[in-house]
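Residue numbers (this note's numbering), protein chains in the order written: chain A, 2 to 419; chain B, 36 to 611. We put the beta carbon where it would ideally sit given N, CA and C, even for glycine.
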Amino acid sequence: MKRAAILVFCRALVGALFLFSACAPAPEPCSDKLGCVDIGPDEPLKLAVIQALSGKVATLGQEQVRGLELALARRGDRILGHKVQLVTEDTGCKPEGGANAALKAVADPKVVAIFGTTCSGDAATAAEVMSRAGLTMISGNNSAPFLTAIGGQRAPKWQAGYLRTAPNEESSGPAAARFAYEKLGIRKAATINDGDIYTRGLTDGFRQEFTKLGGKVVLDATVNKNDADMEPVLTSVVNARAELVFFPLFQPEGNNVLLQARRMPTLAKTVLMSDGSLIEDSFLEAVKQAAVGMYFVGPTPPRKTPELEKLAAEYQARYNAAPPTIYYISAFDAADILFAAIEKVAVKGKNGGLHIGRQALRDALYATANHPGLSGKLSCDQFGDCAAQSFDVLKLKDPAAGVEGLKANAVFTYAPGR
Amino acid sequence: MSRLETCSRLWRNQSITAKFGFAFSLLLALLALEALVGYGALNVTLTAENEILASVEIRQRVFEMDGELEKARRLHRDFLLQYSEIGFAKAQEQYYLPAKAVLARVVALSDDLRQLVAASNVSVALRERNKDITLYLSSAQRFGEIFGELVDLVTILAAPEYGLLSQLESLDEGLESNVRGSTEAFLLFQEMDRHVHEYLISRQRPHMQTALNLGFKLERVLGSGAGLDPMHRDEARRLLKSYVSVAGRIPDLDVQVRGKFNDFALQAQAVDPISRDLKSLADLEVERARGRITGVSRLATVTIAATALAGLCFALVVAGLIHATVTRRIVDLTRTAGLLREGNLGIRSEAQSGDEIGVLALSFNAMAARMQDLVHNLEANVHLRTEELAAANSKLEAAVRELDEKNQALEVTTRTERLTGLGNRRRVEEALQTEVLRARRYGKPFSIILLDIDHFKAINDNFGHQAGDNVLIAIAGLLTRTARETDVVGRWGGEEFLLVCPETEIAVVAALAERLRTEFTTTDFPLVGQVTSSFGVAAFVQGDSWKTLVERADEALYRAKDNGRNCVEVAGDQAC
């Protein structure tokens, strides 16, 4: 009887210890200097997605999300056996939107990384919040030079942990300037930005390169987002006697500049040039013939490969629509190298949980080299740029041919370093 | 065999110790269960109370935090409303600096709140809101930062004297006074000024761009002279350049200011639901904890009541089982033992089980059977022995009777003279001895008569011994018939006879002796004829022994002999 009682007691003790150990698993030790994200065996892996999902640029934000989803689908919607939960926030393509969206993302200690943003202005504020919190953020769309590096030096808005697979448009402005100066013989140019660091970065790059080439930027104007009346600024262009207007604006400001410029006889001979933000079917459909003869400077599209066609087919199959831009490809690449880095650094616990060091994740992403991305080989540098810089100047001949027709008509390519 | 029967058999086969052990173990287990339920209920109640306290504290903190943030917002709003009226420095002192202090408290409160939620044992839903509290904290910090940046922007834009608006106003006045001399220039200036004011009202950048374009035209007019004197013209151009520069900066600042306001709005969008949800969650938490207390109390009450009821029922069942399997059988066994004691040797206990009582009952039954066998055999033996004893007794009684007869015969033989049948000398001596002792003790008189047949030798010689014996027998008969019943008559020796007369004075005895003498004289003895006897009579005198008494009677006899025989002589007296 005593033996039975002792046996029962021992079993109860062992059971209690088992339950205790099951209920309160010892946390994995974290030696990462930025801390760790611990994901329980049944918990999803959380990724914050902060993109511009409202307004005129929502298409671009949506393309980013779709690129991410396609990359995730390739992994069966799981990373290391864990479901992936996308915590999505809309930045509204505004700096304050980016900051507040990032604040929400970093408030959750289970968020492993941030996928975003769409607009560079959002990225600057979001990256600051993100970096301070010790996270990693990667974008497939931001291209403003301010975010990473300018002239081989750390850019003013650089933040540790921020990376991108969209090419740094540090060379976009210079590509436009070179084309304008060297191919079109333009000597006086006007630039119009919207105050955002993306557009300002492009106009600054243009101005610097154009001036360096010997030209003169006679007007460096700014319009506000959502400004509808562009006549005053175009009047300034007229007054400045600019031969070319470089206006790397988004919709609808870009649309308004183009359409109102076409209505001004004094600008009939003025060359109009924008950038990749208007290389969209929606823009071409909106402005139609007014865009004929207009130039666009944008990243050189990736070469058509079977892998790329396969991704396009997956896009078509999943969303029942053709991709409106090519930026889903860089989004796919951004997500792909992020997932690869997570898979590389995550330590899988005995219970199936994951233990991810934040600095380790950053380091793994920065160490990305010769990754076979669909937009080309990706190698991330110390500033967070992972894509090679190569820009085409495109001239629109036939709006009906759409973006594909426009991209097919590259009149100039600028690829520094090649 | 049904399961019930199996259980019943198993139960019956258990020892009493095991049965009691099992019963008390189960009762103990029920008690332990009740104690456990009570402890658990108490524990849950305490935990829930702690949760309520924590939730109330959380709610209180949220209220404080929210109130402080609202206060900061009011200060921020008041700053923007009042700085133009009360001055920038005063507005900073009254609104901005207090707002910063309030925001620092909000940050501290939200940090405390986060730690409180993390440390307290509140619900998962509330704990998961910790990230929202972190967001609240971050947003509060950002509010402070953005407020600071906004103040900086507003300072650049609207600070008295050195703010862009003040500068623009000052430049506007100077420009107006300098271009007043040229109608074309003045009209352009007015139009430009109007667009600037339109911009300041609408904050639509095209107005400012139009104003700048007009400034461009004005510059061209001023550059062509415009009918102004060189001093005013140059001053106007200098002022216009500054004016355009200042005016051109204002929309950028406005964009930034709007961005800050937009930032505040986004913060409010993010933060306001958090505090609202936290309050609501804290309320829910309190309700949940209260509900849990109620639920647990009910459950504990029901469980304890059910356990108590089950315990009671179980105790009754156990008592019944113990009664059925132990007590009743002990009573039955006791009753059976009583009946056995009363002689019912055929009684047997019906207790049949594998426990000690069953073993005891079996032993009892075996013992009873053994007793019955023993008693049965004993009766037979007793009967046999009784019969044997009766036979032996009869024999013994016969032997005793025979022995008595023989003893009596022996006694007679011992105390009776064989010829005459009178007491022999031993018998007479015993009688003398007895009477002497009685006379000594009680002082009673007694007397004796000693007689001797006269000339008896001659009778034997003349008639033969047989005749002499017949004389002796006849005299003995005569003495026996004459003597009283209480008198002892014996043959003293030869032809001498002695009569002991108890409680008789000597005179009476002397008379008796005389009557005997006479009787002898008158008796005709066969063959012999007349025979006489001489008598000596003596009475006991204190101090006598039977011998002295007999000696005195003998002396009297000798005197009778001497006096001629056939007479009676009394000791100490002359009768013949």
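First and last residue of the uninterrupted beta strand (DSSP E) at ASN373(A): The amino acid occupying residue 373(A) in the given sequence is Pro; Asn does not appear at that position. 372-374 is the span of the beta strand (DSSP E), which, as asked, contains PRO373(A).
Within chain B, partners of GLY98(A) - CB distance below 9 Å: ASN297, ASP298, LEU301
Exposed unless 16 or more other CB atoms sit within 10 angstroms - verdict on ASP269(B): exposed
Cut-off 7 Å between Cβ atoms - residues of its own chain near ASP221(A), not counting five sequence neighbours on either side: THR192, THR204, ARG208
Contact set for ILE382(B): own chain, Cβ-Cβ below 6 Å, skip 5 residues either direction: THR371, LEU374, LEU375
Burial state of GLN65(A) (16 or more Cβ within 10 Å): buried
Cutoff 8 Å; reference THR558(B); Cβ partners in own chain excluding five residues on either side: ALA509, LEU513, GLN565, VAL566
Same chain only: Cβ atoms within 6 Å of TYR171(B), ignoring 5 sequence neighbours per side: SER145, VAL306, ILE309
Same chain, Cβ closer than 6 Å to GLN160(A), five either side skipped, listed in chain order: ALA128, GLU129, SER132
Distance CB(SER55(A))-CB(GLY117(A)) smaller than 7 Å: no
Inter-stretch contact at 8 Å, needing at least 3 Cβ pairs: the stretch 371-383 of chain A / the stretch 43-61 of chain A: no
Cβ-Cβ distance between LYS184(A) and VAL219(A) below 7 Å: no
For HIS83(A), the three-state DSSP class (helix, strand or coil): strand
As assigned by DSSP and simplified to three states, the class of GLY260(B): coil
Pick from ASN85(B), LEU203(B), ARG238(B), THR469(B) that is closest to PRO537(B), judged by C-alpha positions: THR469(B)
Under 7 Å between C-beta atoms of LEU136(A) and ILE80(A): no
Where ASN400(B) falls: helix, strand or coil (DSSP): helix
3 or more residues per run - each beta strand (DSSP E) lying fully within the stretch 154-208 of chain B: none
Burial state of THR245(B), where buried means 16 or more other Cβ atoms lie within 10 Å: buried
Chain A contact residues for PRO308(B), given Cβ-Cβ distances below 9 Å: Neighbours of PRO308(B) on chain A: none; closest Cβ ~11 Å, over 9 Å.
Through-space distance from LEU235(A) to ALA292(A), alpha-carbon basis: 16 Å
Three-state class that DSSP yields for LEU260(A) in the structure shown: helix
Residue from ALA243(A), ALA332(A), ASN227(A), THR267(A) with nearest C-alpha to GLN252(A): ASN227(A)
Closer than 7 Å to chain A by CB, ASN78(B): no
Close-in-space but distant-in-sequence residues of the same chain around VAL288(A) (CB under 7 Å, 5 per side omitted): ASN256, LEU259, LEU260
C-alpha gap between LEU592(B) and ASP439(B), whole angstroms: 40 Å
Sequence-distant residues of its chain with Cβ nearer than 8 Å to ALA156(A) (five each side left out): PRO146, PHE147, LEU148, THR149, ALA150, PHE384
Euclidean distance between Cα positions of ARG635(B) and MET406(B): The displayed coordinates of chain B run from 36 to 611. Any statement about residue 635(B) would go beyond what the structure contains.
Coil, strand or helix - ALA156(A) by DSSP: coil
Residues sharing a beta bridge with LEU273(A), DSSP: VAL246(A)
Residues bridged to CYS387(A) (per DSSP): In DSSP, CYS387(A) forms no bridge with anything.
7 Å Cβ cutoff met for VAL246(A) and THR271(A): yes
Chain-order list of residues whose beta-carbon lies under 8 Å from that of ASN410(A) (same chain, five-residue window excluded): LEU395, LYS396, LEU397, LYS398
VAL17(B), buried or exposed, once every other Cβ within 10 Å from all chains shown has been counted against 16: Nothing can be reported for residue 17(B): it is not among the residues displayed for chain B, which extend from 36 to 611.
Residues, ordered as in the chain, of the stretch 208-233 of chain A that lie near chain B by beta-carbon distance below 9 Å: ALA222, THR223, VAL224, ASN225, LYS226, ASP228, ALA229, ASP230, MET231, GLU232, PRO233
Three-state secondary structure assigned by DSSP to PRO30(A): coil
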